[in-house]
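Position one of the sequence shown corresponds to residue 2 (this note's numbering), numbered consecutively onward. First comes the structure, then the notes that go with it.
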Amino acid sequence: MAAFGRVLLRSRQNLCLRWSSSTVEAARPAAATPDITESMQEQKSRRKSRRFISPEFIIPRGMRADFPTKNHVERMDMLRRRAVIDIPEFYVGSILSVLTSDPYAPGSFQQFVGICIKRGGYGLGATFTLRNVINGQGIEICYELYNPTINQVQVLKLQKSVDPHMVYLRDALPEYSTIDFNLAPVQHNPEDPVPVLDVSLLFALCTVTFVP
2 MAAFGRVLLR
12 SRQNLCLRWS
22 SSTVEAARPA
32 AATPDITESM
42 QEQKSRRKSR
52 RFISPEFIIP
62 RGMRADFPTK
72 NHVERMDMLR
82 RRAVIDIPEF
92 YVGSILSVLT
102 SDPYAPGSFQ
112 QFVGICIKRG
122 GYGLGATFTL
132 RNVINGQGIE
142 ICYELYNPTI
152 NQVQVLKLQK
162 SVDPHMVYLR
172 DALPEYSTID
182 FNLAPVQHNP
192 EDPVPVLDVS
202 LLFALCTVTF
212 VP
């Protein structure tokens, strides 16, 4: 009887050891394969770049929990609008051509070419401002990115500034804001990095003569 008890106890110990080892093996995370690691890194890089390509989709921190229904409806409207018109990738410093329909003259369109000096807002209230100097007069137009009167947004030259805005061009020499309306589009390879605007623009204010 004692021998039978020792055999039963030994079998229970072996069973417990087998169960614990199998549990540890099951709980141990599987090693990530190189393919999975590369795909995760690509997804992270895409999400990071998307923040700068379409910043209007990023909701300010204080507004995320205040109006969830409003934010959801606006995003759906933004996606529907993007299905109708192509909104290309552009940054502050890019040269754009915007074609809008005239609400007071049906069938007619207005075109404006300029350098993007500012982007602001979020959601359907996202805006971008173009600046150009025409006949010695500085002209700026602030467009609503999802305005239904916009028929076309074309990037003539894709580039970006190191600054979040370029409103200092208002005080710079006119040559830094003068853009030819007949400027031919400059092709950009999507696989190449976006060129950074010439840093000489950052020192444009140094050459301005102020009138006392």
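Even for Gly, the Cβ is constructed at its ideal location relative to N, Cα and C.
- DSSP places Val85 in the uninterrupted alpha helix (DSSP H) bounded by 69 to 85.
- By the Cβ test, the segment 155 to 162 is in contact with the segment 189 to 200, since at least three Cβ pairs between them sit closer than 8 Å.
- Going by DSSP, Leu198 is part of no beta strand (DSSP E) at all; its letter is neither H nor E.
- Separation of Asn136 and Gly126 (C-alpha to C-alpha, rounded to the nearest whole angstrom) is 31 Å.
- Counting only residues of its own chain and dropping the five nearest sequence neighbours on each side, Gln153 has a CB closer than 6 Å to the CB of Leu100.
- Annotated three-state conformation of Glu90 is coil, per DSSP.
- For Arg120, the enclosing beta strand (DSSP E) covers residues 110 to 121.
- Around the beta carbon of Val93, 16 or more other beta carbons lie within 10 angstroms, which makes this residue buried.
- Secondary structure note for Gln155: its beta strand (DSSP E) is the uninterrupted segment 151 to 158.
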